[in-house]
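Here the structure comes first, spelled out in structure tokens, and everything after it is commentary.
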Amino acid sequence: MNVTTESRQSEETPGESEVKFRLLFERSPDAMLLLDGDVFIDCNQAAVEMMGCASKEQLLALRLYDISPERQPDGRLSTEKVRDLVAAAFREGSLRFEWVHRAVDGTDFPVEVLLTTIPLRGEKALHVAWRDITERKRAEEELRERETQYRGIFVSTSDALLIFDFDGTIVEANPAACKMYGYPYEELVGLSGKEIVRPDYCHLFEDFKRQVRASGRFSAQSVDLRKDGSSINVEVYGASFSYKGQPHLLAVVRDVTERVRARQMLEQRVEERTRELQTLLDVTAAASSSLELDEMLSSTLDRLVALVGASRAGVMLLDGESGELEPRMLRPERPVALDDLAEMTRACHAVIAGGEPLYVPPDPEKGFVEPGALLPLRVRGQALGVLVIIGPQGSAFSEGHLALFESIADQLGVSVENARLYEQVERAAVAAERSRLARDLHDAVTQTLFSAGLIAEVLPRIWERHPEEGRRRLEELRQLTRGALAEMRTLLLELRPSALIDAELDDLLRQLAESITGRARVPVSVEVEGECALPPEVKVALYRIAQEALNNVAKHAGASQAMVSLRYIPPDVGGERGGAVELRVSDDGRGFDPQGVALESLGLGIMRERAEAIAAALDVDSEIGHGTQVVVVWKDTGGEEQL
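Just so we're on the same page, this note's numbering is the position in the sequence shown counted from 1, plus 1.
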């Protein structure tokens with residue numbers, strides 16, 4: 002067959018060869034031309050279309066300098082460069098190069114040119130083939146741009162980027178990786194991945210290689226080693242990666258050492274807070290689980306001492322008949338000198354008379370080596386006694402401790418009252434029949450706040466005889482429980498100061514109002530108008546002022562209702578007046594004469610100091626018999642936080 006084919010080829014006439022050449026020339030998708038000197042003597046239709054000519058004659062009338070811009074991309078004149086290239090083609094017999102042509106409409110476009118010498122009428126001419134490489138050039142440019150972008154990302158990213166071959170050797174690293182591991186680039190490249198991983202985590206590197214091969218993805222947390230031997234906590238994300246045409250492994254390594262440390266510290270703080278909270282819950286449970294007074298006080302004080310690390314805690318109670326203060330419980334038990342007892346009794350009388358807590362900081366010069374806190378025990382404005390807390394030597398009570406003590410004192414006051422009421426109920430139950438007990442209880446509770454513990458204790462017996470009364474008591478239990486829940490949330494806020502910053506001010510005010518309603522049985526409504534983002538210190542100050550004002554309502558106002566209003570005032574359109582926030586706390590209680598009350602009384606001094614700290618205006622408006630109104634206005638002066 003080969004012989005036959007060669008025979009046929011050898012038998013082909015020159016005319017047949019010319020016909021074949023003409024067919025290939027005319028039908029080629031590439032532009033083809035014949036060049037004799039600097040004159041085109043023939044071309045195909047593809048060349049006509051490429052140059053945007055109307056006909057073959059129009060193209061053949063053009064010269065080389067007519068179809069090229071003045072200069073090529075390298076800056077050389079097209080006329081000079083084409084002369085050199087044509088000469089080279091004649092010398093070599095064939096030459097391939099890239100060129101920029103200009104179509105008849107003035108559009109420049111790149112082409113790949115192949116010049117081949119051919120015999121023509123006894124002389125040498127050039128066969129010219131053009132191929133439009135515009136799309137290829139565009140693709141190459143896009144590829145170069147992507148490579149530049151990827152290289153820029155690789156170099157500038159803050160995460161460490163490492164490229165490994167499948168033997169686990171580092172073949173490329175970015176500056177962030179060199180900085181993270183403490184190696185110069187020349188030393189880091191070439192290391193095995195195992196050399197930068199702590200020995201007990203080397204198995205993860207093997208997992209990394211195996212999983213990337215299997216699934217193309219990998220992620221893990223590891224502990225790596227710097228050049229100086231120190232450890233770093235890292236997160237590693239891996240993927241299969243083509244590098245220089247070969248499969249490799251790409252690892253993105255993020256230093257999370259600070260995050261791990263912060264998480265460990267947070268876990269430690271959470272653990273500490275959890276212990277405190279658990280103790281607080283134990284204190285509250287102890288105060289409500291038993292209605293036997295001494296048992297309840299002993300358990301509550303033991304929990305309290307454990308909570309704050311106090312050296313001791315005690316309760317002084319007013320005798321209901323004589324009105325004298327008597328020491329009822331001290332934990333842990335220890336002898337107390339008569340002089341110390343007398344001095345403590347005088348201080349407790351002062352606390353009851355003033356209705357405000359007394360905090361005594363350590364003062365070695367005066368002989369006070371321990372911090373002390375004396376807090377009145379009250380229920381519905383009636384004094385029951387004083388809670389005394391003595392801290393350990395060399396310490397001081399924090400603001401969170403003080404707020405916590407006040408809440409515990411409020412709860413303890415209710416528990417003391419409940420225990421006394423329970424004793425009364427038990428005595429009545431022994432002397433009277435069940436129906437009379439129910440009637441007496443009904444008459445008594447119409448004016449008295451029973452705790453959840455007392456209601457739960459007597460509810461089954463009441464329900465047996467009077468279902469309707471039982472339902473009413475159950476609703477009272479629900480309200481008291483809701484108030485207790487709000488109070489617990491307030492306590493949690495004091496245990497976690499950051500929660501004050503995280504929570505919205507309107508939510509804090511509603512929670513505060515609910516706790517006051519549950520504790521003092523004074524309905525407190527909350528109205529909020531507008532919204533804005535407040536600086537943390539402003540939010541906390543406004544919350545503390547509202548807290549102080551509502552505590553005054555609960556303790557002193559004798560009000561039937563109160564209202565908290567929070568209004569956000571946006572800035573005017575022209576920007577001449579900035580935004581503002583107005584907090585208003587009002588009640589319909591007995592009121593007082595502002596001119597006749599010292600700043601230290603009713604917490605007015607504390608409220609004023611908090612307002613001054615945030616450059617806010619505080620106004621207290623009160624009139625005897627007409628209630629009290631506290632108004633705070635904070636104006637935004639253009640700080641970082643904007644209304």
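All residues carry an ideal CB built from backbone N, CA and C; glycine is no exception.
Whole angstroms are fine: how far does the CA of Arg591 sit from the CA of Ile625? Answer to the nearest angstrom: the Cα atoms are 6 Å apart.
I'd like the span of the beta strand (DSSP E) that includes Tyr360, first residue to last. Leu359 to Val361
Between the C-alpha atoms of Gly53 and His249, what's the straight-line distance to the nearest angstrom? If I take the Cα positions, the gap works out to 47 Å.
What span of residues does the alpha helix (DSSP H) with Cys54 cover, start to end? Neither: Cys54 is in no alpha helix (DSSP H) and is coded neither H nor E.
Looking at Gly194 and Ser220, is the spacing between their C-beta atoms short of 9 Å? Going by beta carbons, Ser220 and Gly194 fall outside the 9 Å limit.
Below 6 Å CB to CB, which residues in the same chain sit around Gly628 once its five sequence neighbours on both sides are set aside? Asp588, Asp589, Gly590 and Gly592
Using the Cα positions of Ser159 and Lys210, report the straight-line distance between them to the nearest angstrom. 23 Å
Straight-line Cα distance separating Glu259 from Gly153: Distance between Gly153 and Glu259, taken at the CA atoms: about 27 Å.
Identity of the residues DSSP links to Val389 by a beta bridge: Gly315 and Leu375
In whole angstroms, what separates the C-alpha of Leu342 from that of Val387? 13 Å
Excluding the five sequence neighbours on either side, which residues of its own chain have a C-beta within less than 8 Å of the C-beta of Lys228, listed in chain order? The beta carbon of Lys228 sits closer than 8 Å to those of Tyr182, Gly183, Tyr184 and Glu188, all from its chain and outside the five residues before and after it, given in chain order.
Taking a contact to mean a Cβ-Cβ separation below 9 Å, would you say Glu136 touches Val114 in this structure? no
In angstroms, rounded to a whole number, what distance separates the CA positions of Ala581 and Val527? 19 Å
Does any CB atom of chain B fall closer than 9 Å to the CB of Ala263? Structure shown: chain B not included; a single protein chain is present.
In this structure, how does DSSP classify Asp441 when only helix, strand and coil are distinguished? Caution is warranted here: a pLDDT of 30 is assigned to Asp441, below 50, making its placement in the model unreliable, and no coordinate value can be reported.
Name the DSSP beta bridge partners of Phe26, please? Answer by DSSP bridge pairing: none, since Phe26 is not bridged.
Secondary structure, beta strand (DSSP E): runs of 3+ residues fully inside the segment 534-574: 563-570
From Pro524 to Met317, what distance separates their C-alpha atoms? 31 Å
Taking Cβ positions, are Val598 and Asp620 nearer each other than 9 Å? Contact flag unset, no.
On a CA-only basis, which of Leu513, Asp303, Glu344 and Leu385 is nearest Ser323? Give me that one, please. Leu385
Exposure of Lys125, with buried meaning 16 or more beta-carbon neighbours within 10 Å: exposed
Specify the secondary structure class of Ile607 as computed by DSSP and reduced to three states. Looking at Ile607 - three-state DSSP - the assignment turns out to be helix.
Ser243 bridges to which residues according to DSSP? Pro248
Contact between the segment 544-560 and the segment 506-519: three or more CB pairs below 8 Å? Judged by Cβ distances under 8 Å, the segment 544-560 makes contact with the segment 506-519, as three or more pairs qualify.
Given a threshold of 16 other Cβ atoms within 10 Å of its Cβ, counted over all protein chains shown, does Leu450 qualify as buried or as exposed? With a pLDDT of 40 at Leu450, under the threshold of 50, the predicted position of this residue should be treated as unreliable, though the coordinate-derived value follows. Leu450 should be labelled buried.
Within 8 Å, do at least three Cβ pairs link the segment 196-215 to the segment 167-176? Put simply, the segment 167-176 touches the segment 196-215. At least three CB pairs are less than 8 Å apart.
Where Glu19 and Phe26 are concerned, what is the direct C-alpha to C-alpha distance, given to the nearest angstrom? A direct Cα-to-Cα measurement between Glu19 and Phe26 gives close to 10 Å.
Can you find the residues in the same chain that come closer than 8 Å, C-beta to C-beta, to Ser436, ignoring five residues on each side of it along the sequence? Interpretation of Ser436 is limited by its pLDDT of 37, a score under 50 that renders its predicted location unreliable; no figure is taken from the coordinates.
Comparing alpha-carbon positions, which option in Pro358, Asn45, Ile197 and Arg255 lies nearest Gly230? Ile197
Kindly indicate which three-state DSSP category Asn419 falls into: helix, strand or coil? helix
So, for Arg132: in the same chain, excluding its five sequence neighbours on each side, which residues have a beta-carbon less than 7 Å away from its beta-carbon? Answer for Arg132: Asp31, Val112 and Glu113, listed in chain order.
Three-state class that DSSP yields for Ile233 in the structure shown: strand
If you draw a straight line from the C-alpha of Val306 to the C-alpha of Arg332, how long is it? 8 Å
Considering only the beta carbon of each residue, do Ala420 and Leu506 sit closer than 9 Å? In this structure, Leu506 does not lie closer than 9 Å to Ala420 by Cβ.
What residue range does the alpha helix (DSSP H) around His204 cover? Judged by DSSP secondary structure, His204 falls within the alpha helix (DSSP H) whose first and last residues are Cys203 to Ser216.
For Trp464: DSSP bridge partner residues: Paired residue(s): none; Trp464 is not in a bridge.
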